[in-house]
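Input: a single structure, listed below in structure tokens.
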Amino acid sequence: MSLAFSTTFNTGALSQRRQAVPVSSAQFGLRIPNVHQASSSTLCPAQATSPLLRNALLSVTQSKRNVSAMAGYGRTKKYSVALLFDCDGVIVETEELHRKAYNAAFESFGCKINGKPLVWTVEYYDKLQNTVGGGKPKMKYHFTNNGWPSTRSGPAPTSEAARTKLIDDLQDKKTEHYKKIVESAAEARAGVLELMDEGLAREDVAMCICSAATKEGFVKVVNSVVGRQRLDRFDIILAGDDVKRKKPDPMIYNMARERLGLPADRCVVIEDSLVGLRAAKAAGMHCIITPTASTASADFRAEGAAAVVPSLKTDSFQVTIDKIFSQLKDSDGCRLMKETRKVVTPRARTPVAATRRW
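Each residue of the sequence shown is one higher than the one before, starting from 16 at the first, in this note's numbering.
Printed below as a string of structure tokens:
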């Protein structure tokens, strides 16, 4: 369907259903719900016209999911869909902060390639972040293609062990610089906290953050920008250290989905780059793109984005849970959520008419 500002949803069939794997996540003080996947119904609850029938179908579907109570809530969430946020570029525009932190680390080590100081320009980093996910993979990719740097400690490393150590040491130094920069410069992108609050207030939406960033730097960002109180209410939080393969590999999204026990076609990812989009699509999930200045030129629709929005909130519109899930379909052709007459969020925003589109 055509939406405002030329956004178009791709509602084609998706598939990839797997059994849940119960896991815990002690690092964020959260208990991950143990959810058992519900079997498909011949009739979608959202398609039932009778409220009585719709409630009965929802009850049958939800009863097949054994969900443990969330930490700090003492209640049971009955998920039917999941919303998964990337961090860098989605929750907060951090890519330029990362670039500055990398350059600060290179300078600290006195890194030089062919006698020239190692510096990642804005133009180069824009291309790099749209090619490789994760900090260490970025450095390995650059050094493999441009030569390994010498440092104040000696010539360029030649053994695999020495190269791995250099990347590890540079990443540690980069994280130190990044944490200092974040404290003074990081702020949430427009609309993201409102969308989080709306999703966290609902019983039927599992809420997740899946970032390719290393945990130390990632935790600093989300604690500062999202806030501890919100984080404690998320169902799953994963950082790059939690997976062996980084985006565009789908491992991080597959891990989140398996822990929730939801089918991939009932999961929606919010990303900002081609790397993130490819990871979400490889996991069989819907993906909405909120590009940044450094990723806006990419052809996201050609690679299967369900929608591309300049921001989650502007003066004229706001992306909501209802707008996301009522316009996307699962592999059976059922809408992920029935469109409601109005949307009321924890902040008591003005009701949004059901016929309004993004």
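Positions of the beta carbon are idealized from the N, C-alpha and C atoms, including for glycine.
Label S226 either buried or exposed according to how many other C-beta atoms from any shown protein chain fall within 10 Å of its C-beta, with 16 as the threshold for buried. The residue you call residue 226 lines up with position 211 of the sequence shown. The residue in question, S226, is buried, as its Cβ has 16 or more Cβ neighbours within 10 Å.
Measure the alpha-carbon distance for V290 versus G255 and round it to whole angstroms. Taking the sequence shown and counting its residues from 1, the one referred to as residue 290 is at position 275. Taking the sequence shown and counting its residues from 1, the one referred to as residue 255 is at position 240. Cα to Cα, V290 sits roughly 14 Å from G255.
Measure the C-alpha to C-alpha separation of P132 and G169 and round it to an integer number of angstroms. Translated into positions along the sequence shown, residue 132 becomes position 117. Translated into positions along the sequence shown, residue 169 becomes position 154. Roughly 14 Å separates the two Cα atoms.
I need the straight-line Cα distance from P48 to E273, nearest angstrom please. Mapped onto the sequence shown, residue 48 falls at position 33. Mapped onto the sequence shown, residue 273 falls at position 258. Low confidence applies here, because P48 scores a pLDDT of 37, under 50, leaving its location unreliable; read the following figure in that light. Spanning the two alpha carbons is a distance of roughly 11 Å.
Whole-angstrom distance between V147 and W163, CA atom to CA atom: Taking the sequence shown and counting its residues from 1, the one referred to as residue 163 is at position 148. Taking the sequence shown and counting its residues from 1, the one referred to as residue 147 is at position 132. Distance between the alpha carbons of W163 and V147: 18 Å.
DSSP three-state label for P132, please. Translated into the one-based positions of the sequence shown, residue 132 becomes position 117. Strand, per DSSP.
Kindly provide the ranges of any beta strand (DSSP E) runs that are 3 or more residues long and lie completely inside the segment 234-282, ordered along the chain. 251-253
What did DSSP end up calling S199 once you bin it into helix, strand or coil? In the sequence shown, residue 199 corresponds to position 184, counting from 1. S199 falls in the helix class under three-state DSSP.
How many angstroms separate the CA atom of A171 from the CA atom of K195? Here residue 171 refers to the residue found at position 156 of the sequence shown. Here residue 195 refers to the residue found at position 180 of the sequence shown. If I take the Cα positions, the gap works out to 28 Å.
For V207 and L7, believed in contact at Cβ under 8 Å, the rounded distance: Residue 7 is absent from the model: the chain starts at 16 and stops at 373.
Do you know how far the Cα of A320 is from the Cα of A297? If you number the sequence shown from 1, residue 297 lands on position 282. If you number the sequence shown from 1, residue 320 lands on position 305. Rounded to whole angstroms, A297 to A320 spans 12 Å at the Cα level.
Using only CA atoms, which one of T109, I252, L292 and L351 lies nearest to Y193? Taking the first residue of the sequence shown as 1, we reach residue 193 at position 178. Among T109, I252, L292 and L351, the Cα nearest to that of Y193 belongs to T109.
Within the same chain, show all residues whose beta-carbon is closer than 8 Å to that of I106, passing over the 5 residues directly before and after it, in chain order. Taking the sequence shown and counting its residues from 1, one reaches residue 106 at position 91. F100, A203, R204, V207, I224, V236, V237, V240 and V241.
Tell me whether T229 sits in a helix, a strand or coil according to DSSP, three-state version. As a position in the sequence shown, residue 229 is number 214, starting the count at 1. Reduced to three states, the DSSP call for T229 is coil.
Alpha carbon of K93 to alpha carbon of D347, nearest angstrom: Reading the sequence shown from its first residue, position 78 is the one you call residue 93. Reading the sequence shown from its first residue, position 332 is the one you call residue 347. Taking the straight line joining both Cα atoms gives about 21 Å.
With respect to the alpha helix (DSSP H) encompassing I336, which residues constitute its N-terminal and C-terminal limits? Stepping through the sequence shown from its first residue, residue 336 is reached at position 321. Unbroken alpha helix (DSSP H) run through I336: I336 to F340.
In terms of DSSP beta bridges, what is L185 paired with? As a position in the sequence shown, residue 185 is number 170, starting the count at 1. According to DSSP, L185 bridges with nothing at all.
By the three-class DSSP mapping on this structure, what secondary structure does R350 have? Taking the first residue of the sequence shown as position 1, residue 350 is located at position 335. Three-state DSSP puts R350 in a strand.
Under a Cβ-count criterion, where at least 16 other Cβ atoms within 10 Å of its own Cβ denotes burial, should S312 be classed as buried or exposed? Residue 312 sits at position 297 when you count from the first residue of the sequence shown. Its Cβ having fewer than 16 others within 10 Å, S312 is exposed.
Residue from D264, E213 and S123 with nearest C-alpha to V334: Here residue 334 corresponds to residue number 319 of the sequence shown, with the count starting at 1. The shortest Cα separation from V334 among D264, E213 and S123 belongs to E213.
Would you mind working out which of E191, D264, L98 and S95 sits nearest P152, comparing C-alpha positions? By one-based count along the sequence shown, residue 152 stands at place 137. Out of E191, D264, L98 and S95, D264 has the C-alpha closest to the C-alpha of P152.
Run the CB neighbour count on D250, radius 10 Å, all protein chains shown included, and call it buried at 16 or more, exposed below. Here the question's residue 250 lines up with position 235 in the sequence shown. Under this definition D250 is a buried residue.
Going by alpha carbons, who is nearest to S123 out of Y140, L292 and T166? Walking along the sequence shown from the start, residue 123 turns up at place 108. Measuring from the Cα of S123, the nearest candidate turns out to be T166.
So F315 and L292 are in contact, right, with Cβ under 8 Å, and what is the actual spacing, rounded? Your numbering for residue 315 matches position 300 in the sequence shown. Your numbering for residue 292 matches position 277 in the sequence shown. That pair is a contact at about 6 Å.
Assuming S95 and R281 make a contact with CB atoms under 8 Å, what is their CB distance in whole Å? Along the sequence shown, one-based indexing puts residue 95 at 80. Along the sequence shown, one-based indexing puts residue 281 at 266. Yes, they are in contact, since the Cβ atoms of S95 and R281 sit about 7 Å apart, within 8 Å.
Does the distance from the C-beta atom of W135 to that of N118 stay below 8 Å? As a first step, residue 135 is located in the sequence shown; it is residue number 120 there, counting from the start. As a first step, residue 118 is located in the sequence shown; it is residue number 103 there, counting from the start. Yes, they are a contact pair.
Report whether the distance from the Cβ of E213 to the nearest heavy atom of the ligand PLP is below 7 Å. As for the ligand PLP, it is missing from this structure, which has no ligand bound.
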